[in-house]
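Enquirer: First the structure, which I've put down as C-alpha cells, then a few questions once you've had a look.
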Amino acid sequence: MSKELIEIAGKKFVPMISADELQARVRELGETVWRENASANPLFIVMLSGAYVFAADLLRVIPTPVDMAFVKYSSYEGTQSTGALKREIGLPESIKGRTCIVVEDIVDTGVTMKQFMADLKEKGAADVKIASLLVKPENNKANIKVDYCGFSISKEFVVGYGLDFDGNARNLDSIYKCID
Ligand code: IMP
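The numbers in the working numbering rise by one with no breaks, and the one at position 78 of the sequence shown is 104.
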C-alpha cells in the first residue's frame with residue numbers, strides 16, 4: 027500500500043485499507059451474498075452516493091442479471107453526522123414482497139439505516155438484509171445488525187472507494203483515515 031499522506035481541505039489522511047485488500051474482501055462478500063440469497067431473487071438497493079464503488083464491484087461478482095434500485099438519503103455535513111435525514115431519492119414502489127439487500131458504504135451512527143429500514147418495512151419489503159463495506163461498531167447506537175460486513179473500523183473519519191469528505195476523494199481506489 028502507498029504510504030503517502032494526503033491533504034483534503036486542510037485535513038490530513040493516511041492509507042488504511044489498500045486497493046488489493048478491498049478487492050479481495052469485496053469479492054468474498056459478493057460470493058457469500060449470492061450463495062446465500064440467489065434463490066430469493068433479491069432486489070439490490072444501492073445507497074447513493076457513497077456506496078457506488080462498493081456496489082459496482084460487489085454486484086459484478088454476481089454472474090447473472092439482478093434487479094437494482096438506487097436511493098439517496100443524506101445526513102452528513104463535513105466530518106459529522108447531522109442526525110437530520112433528507113430523502114433526496116426515495117424508494118421505488120416495486121419493493122413490495124421482495125427480499126431486499128441494501129448495499130451501503132458505511133454504518134456509522136446507524137441513524138440513516140434505521141430510518142431506511144422503517145421506510146422499507148412501510149413499503150412492504152418481505153425481508154431485508156444489509157451489506158455494508160464498513161461498520162463503526164463503537165458509534166452504532168441504533169444497534170443496526172449488518173448481515174454482510176466488509177471491515178469493522180474504529181471511530182475515525184475515512185475517505186476513498188466511494189466515501190467522501192464534502193464531495194471530494196470518492197475516486198481513490200483505497201481507504202484513507204483522517205489523522206487530524
Ligand atoms: P450514519 O447515519 O451515521 O450511520 O451515517 C450514514 C452515512 O454517513 C454513510 O452512509 C456515509 O455516507 C456517511 N459517513 C459516515 N461515516 C463516514 C466516514 O467516516 N467517511 C465518510 N462518510 C461517512
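Yeah, the Cβ is synthetic: ideal placement off N, Cα and C, and Gly gets one too.
Quantities reported herein were computed from a predicted structural model and do not represent experimental measurements.
Quickly, what does DSSP pair residue 184 with across the bridge? List them, please.
Expert: The partner list for residue 184 (beta bridge, DSSP) reads 203.
Enquirer: With H, G and I counted as helix, E and B as strand and the rest as coil, what does DSSP make of residue 83?
Expert: DSSP places residue 83 in helix when its eight states are reduced to three.
Enquirer: Tell whether a beta-carbon distance below 9 Å holds between residue 202 and residue 40.
Expert: Result yes, Cβ atoms of residue 202 and residue 40 sit closer than 9 Å.
Enquirer: With 16 as the cutoff for other CB atoms within 10 Å, does residue 76 come out buried or exposed?
Expert: The residue in question, residue 76, is buried, as its Cβ has 16 or more Cβ neighbours within 10 Å.
Enquirer: Could you name the residues of the same chain whose beta carbon sits closer than 8 Å to that of residue 180, not counting the 5 residues immediately before and after it, in chain order?
Expert: The answer, listed in chain order, is 162, 164.
Enquirer: Does DSSP classify residue 69 as helix, strand or coil?
Expert: Of the three classes helix, strand and coil, the one that applies to residue 69 here is strand, per DSSP.
Enquirer: Just to confirm my understanding: we take residue 154, look at its own chain, exclude 5 residues before and 5 after, and list those with CB closer than 7 Å. What are they?
Expert: Cβ within range, chain order: 126, 128, 143, 146.
Enquirer: Is it buried or exposed, residue 132, if we count other Cβ atoms within 10 angstroms and call 16 or more buried?
Expert: Label assigned to residue 132: buried.
Enquirer: Consider the C-beta atom of residue 190 and the heavy atoms of the ligand IMP; say whether any pair is separated by less than 8 Å.
Expert: Indeed, a heavy atom of the ligand IMP lies less than 8 Å from the Cβ.
Enquirer: Here's the rule: buried if 16 or more other CB atoms are within 10 angstroms of the residue's CB, otherwise exposed. What is residue 169?
Expert: With fewer than 16 Cβ atoms within 10 Å of its Cβ, residue 169 is classed as exposed.
Enquirer: Determine the DSSP secondary structure at residue 56, reduced to helix, strand or coil.
Expert: In the structure shown, residue 56 sits in a helix (DSSP, three-state: H, G or I).
Enquirer: Does residue 31 pass the burial test, meaning 16 or more other C-beta atoms within 10 Å, or should it be called exposed?
Expert: Under this definition residue 31 is an exposed residue.
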